[in-house]
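For reference, the structure is listed below as structure tokens.
Number of protein chains: 2
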Amino acid sequence: MLDAHQLNVFLIAAETLNFTQAAQRMNMSQPSVSQHIQALERHFNTSLFLRAGRTLQLTDAGLVLVPMARDLVSQSILIEETMESLQGEIFGHLMVGCSTTPGKYVLPHLLAQFHNEHPKVRVTCLVSPQAQAINMLCEGKTHFALASFAHKSCMDAEFVDFMCDPVVLITPLNHPWAQKGSIEIEELYDENFILREEDSGTYRTVRDALRNTSVRIERLKTLLTLGNSEAIALSVQEGLGVGFVSQAVATGVGRDHVAIVKINGLDICREIYIGRHTRLPSTKAQNAFWDFVTSIDIPKMGTIF
Amino acid sequence: MLDAHQLNVFLIAAETLNFTQAAQRMNMSQPSVSQHIQALERHFNTSLFLRAGRTLQLTDAGLVLVPMARDLVSQSILIEETMESLQGEIFGHLMVGCSTTPGKYVLPHLLAQFHNEHPKVRVTCLVSPQAQAINMLCEGKTHFALASFAHKSCMDAEFVDFMCDPVVLITPLNHPWAQKGSIEIEELYDENFILREEDSGTYRTVRDALRNTSVRIERLKTLLTLGNSEAIALSVQEGLGVGFVSQAVATGVGRDHVAIVKINGLDICREIYIGRHTRLPSTKAQNAFWDFVTSIDIPKMGTIF
DNA sequence: ATATGCAATAAGTAAATATTATTTTCGTCA
DNA sequence: TGACGAAAATAATATTTACTTATTGCATAT
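Below you can see the structure in the form of structure tokens.
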């Protein structure tokens, strides 16, 4: 098979029409040039130079070869330069799976910041239910996962506590609790609730937060179960009842339409975990992303960003 | 410097994502593939494959390399194929120098025939005075020369008698000789002549042809000396005198305007020689052209073509 | 003629490339 | 778990290739 070096020697020889000079320009000995040319001539089974006494001259075949050899050599140099330019540079493509709430309220800010630091890294975000996001991570279909419940069923993934997404109690603006601003835990039993489904992150978070209290989420008067927090905020706004949603939702779509009511002695915090593979080796981009998310300082409580 | 073979191994490995299979497809051993990949990785100072247990996977750098390597390998194959296609094929570019008459009346037909046999050979014809045409051949500026006088001053050229271009006596149509159709040699002294210059091929040819007769060209009544045969034909046509021109001119531009008069006992023939280098090595195209012109059967006398 | 410039050849050494045999590492199947 | 199996890495070795110096052979120029 052809060798870019050999063709390069040929090109210099074709340019100088003098093997000795060509050898000097290539920093090699004259016989070496002769040998390379002879090797090429044997390879192509045709002569490339006419040796007329002391003068050298390209044959027709040689003339045909020159421009093609030039192309190959410059392609070779392009490769070298491109690979060289990759040195230390962080680039590539990351796949991040995440569940609904993190996908809507956490990732956008996070990725904007990450993109600032590593503009050559493309990130694709796959929003899907919790379990599926974690499955994809375990199967290697995504490089990272952002979710509020870290399944331990998968050995190949490592999860760390990434940040805290507060969950708050919201009521209609004209609700009595809204006037008071805060309530006692036991008062929760007095109202009709609109909640997420039982296997949602928000539901579990509230359930776990109430575990140390006298109130059980299962015994609340549940009027309605909805599949997403925005729908709950809208229902609350319409006066159907009260509910728990991520603070981001309450101050986002719910701002000025619902009231946030504090529950004395209870702060509900939905932990958001970030997970990655432990077995699969990782690229520079993956390491950079991990370094980024584990070093970034995000308040554990309070408004997200 | 990069080696197309190594990149090809990389490409197959990247395609199969399995070094053992890649080795089989390349007809080499598995460790050899490993070594090539390692060599590339060392060369680029970056890893190209992620070795995750039993599964192989390209790194970002590897993904960047694949299309570029493909380009280089296909360029390499293009070169191989092109050079292969040159095998035995006759192509290239010939330079033929020739003097005026052969250039006008011999070469066009000759080249048309040659082109038929070897359509890939380009031919450039340089028309110039005799001496210059031969000089260029000797200096290697042209590959062949077609001329009626073969200088022996140049050691590096070989000339062979190529064909015979008859030189004929022409008169105005209403001239007495034209009525007779032929004359005796001695009658030449009776007329006014329009001739080419003394160092022209035509002049020398006529002079040499008369050498064995009682007539000397120098003693003819020379009315006018002109630089080309067409001008002579026109002047004869106008009735200024009679002259000697190549039969091709007489039957060409002179047809129906001048008469051809035979001189009893005298056939004037201008030998046209074709010359080539003997020292400089020759290309296939040159050999083909030489073979063509030396084997072609051209009547030694009579109308050209 | 003689000297010089330049390519070809010869011979020896160093380096790269291939091979076989072996080890290591995972993944898989009892 | 533990043994087996597949696949890559490693080791050791042989072979081929590439480069070097020294020499020869032409062809040109003085």
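Listed in order, the protein sequences are those of chains F and H. The first sequence begins at 2 in the numbering used here and counts up by one. The second sequence begins at 2 in the numbering used here and counts up by one. Virtual Cβ for every residue (Gly too), placed ideally from N, Cα, C.
- Taking H/His258 as the centre and dropping the five residues before and after it, the same chain places the C-beta of Gln238 closer than 6 Å to its C-beta, in chain order.
- At a cut-off of 8 Å between beta-carbon atoms, F/Gly63 makes no contact with chain H.
- With respect to the C-alpha of H/Val250, the residue from H/Pro103, H/Ala113, H/Lys121 having the closest C-alpha is H/Pro103.
- Interface with chain F (8 Å Cβ-Cβ cutoff): H/Pro282 is included.
- Per DSSP, the beta bridge partners of H/Met96 are H/Thr125.
- For H/Gln238, no CB of chain F lies under 8 Å from its own CB, so it is not counted at the interface with that chain.
- Listed in chain order, the non-local C-beta contacts of H/Ala70 below 7 Å within the same chain comprise Leu8, Phe11, Leu12, local neighbours out to five positions each way being set aside.
- The contact set of H/Ala286 on chain F, defined by CB atoms closer than 9 Å, consists of Asp61 in chain order.
- Within chain H, no C-beta atom comes less than 8 Å from the C-beta of F/Met29; the nearest is roughly 12 Å away.
- Closest by C-alpha distance to F/Leu108, out of F/Gly93, F/Pro177, F/Val124, is F/Val124.
- Classified as buried, F/Leu138 has 16 or more neighbouring CB atoms from the shown chains inside 10 Å of its CB.
- By the rule that beta-carbons nearer than 8 Å mark a contact, F/Met96 does not touch chain H.
- Here the C-alpha atom of H/Met96 lies approximately 34 Å from the C-alpha atom of H/Ile171.
- In the DSSP secondary-structure assignment, H/His278 is bridged to H/Ala158.
- The CB of H/Thr295 never comes closer than 9 Å to any CB in chain F; the least such distance is about 21 Å.
- In the structure shown, the three-state DSSP call for F/Val207 is helix.
- A distance below 7 Å between beta-carbons, with the five flanking residues on each side excluded, links H/Leu41 to the following residues of its chain, in chain order: Gln7, Phe11, Leu49.
- Distance between F/Ser247 and F/Ile195, taken at the CA atoms: about 13 Å.
- Taking CB atoms only, F/Phe92 has a neighbour in chain H less than 8 Å away.
- Taking one beta carbon from each stretch, the segment 215-227 of chain F and the segment 192-207 of chain F have 3 or more pairs nearer than 8 Å; the two touch.
- Nearest to H/Arg271 by C-alpha distance, out of H/Thr47, H/Tyr204, H/Cys99, H/Leu87, is H/Tyr204.
- In this structure, the straight-line span from the alpha carbon of F/Leu3 to that of H/His37 is close to 16 Å.
- Taken in chain order, the whole alpha helix (DSSP H) runs of length 4 or more contained in the segment 3-34 of chain F are 5-17, 20-27.
- DSSP places F/Asn175 in the coil class of the three-state scheme, outside both helix and strand.
- Residues of chain F with a Cβ closer than 8 Å to the Cβ of H/Thr47 are, in chain order, Met84, Leu87, Gln88.
- Here F/Leu241 has Asn193, Ile195, Leu224, Leu225 as same chain residues with Cβ atoms under 8 Å from its own Cβ, once five neighbours each way along the sequence are excluded.
- As a beta-bridge residue in DSSP terms, H/Thr226 pairs with H/Leu196.
- Taking a beta-carbon distance threshold of 8 Å, F/Ala53 counts as an interface residue toward chain H.
- With contacts defined as CB atoms closer than 8 Å, F/Asp157 and F/His278 qualify as a contacting pair.
- In this model, F/Ala260 and F/Ile233 are separated by some 13 Å (Cα to Cα).
- Beta-bridge pairing by DSSP links H/Ala53 to H/Thr56.
- Contacts with chain F at 8 Å (Cβ-Cβ) include H/Gln76.
- Within the segment 191-215 of chain H, no residue places its CB atom closer than 9 Å to a CB of chain F.
- When secondary structure is reduced to three states using DSSP, H/Lys263 falls in the strand class.
- Straight across, the Cα-Cα distance linking H/Val161 with H/Ile275 is about 6 Å.
- Under the criterion of beta carbons closer than 8 Å, F/Ala286 and F/Ile91 qualify as touching, at roughly 6 Å.
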